[in-house]
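>
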Amino acid sequence: MNNYEHTIIVRQDISPTQMNQIIDKYTNLIEKNGGKLIQTQKWGLLNLSYIIKKNRKGNYIHFKIEGSGELIRELEKNEKIDKSLLKYLSVKVQKHDLETNYFEKKDKQIERERTK
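Just remember that the working numbering sits 14 ahead of the position in the sequence shown, which is counted from 1.
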């Protein structure tokens, strides 16, 4: 079994319930194809570096997966036809970093600024 990090960017105009449905859809797809979902992170609405399909922002979802290359091919095949997704990226890693949440620091800074 290989370790993968898989990130998808969802359109900005999607509702929270639709977002949860997308997460459930891909979680079930991972498990059906013999993969193991280690962690799911919602990174939230972030600016895109360039306009993609007339969108300036996107909701980022990051999955840490343990599975085979066939699982990743199946995931990407389904994501190509999903109209609510803007982009996706799969990266094979040696081991998962479960400690660091790269977007948590930004949220804490915003919260501190609000309380001032």
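Where a beta carbon is used, it is the ideal one built from N, C-alpha and C, also for glycine.
1) Go through its chain and collect everything with a Cβ distance to Tyr40's Cβ below 6 Å, but skip five positions before and after it.
2) By DSSP, does Ile95 sit in helix, in strand, or in coil?
3) Can the beta-carbon of Lys101 be found closer than 8 Å to that of Ile66?
4) Quick check on the DSSP output: the beta strand (DSSP E) that includes Asn73 runs from which residue to which?
5) Give the secondary structure of Leu108 by DSSP, where H, G and I count as helix, E and B as strand, and everything else as coil.
Looking at the atomic coordinates:
1) none
2) coil
3) yes
4) 69-81
5) The sequence given here places Gln at residue 108; Leu does not occur at that position. Gln108 falls in the coil class under three-state DSSP.
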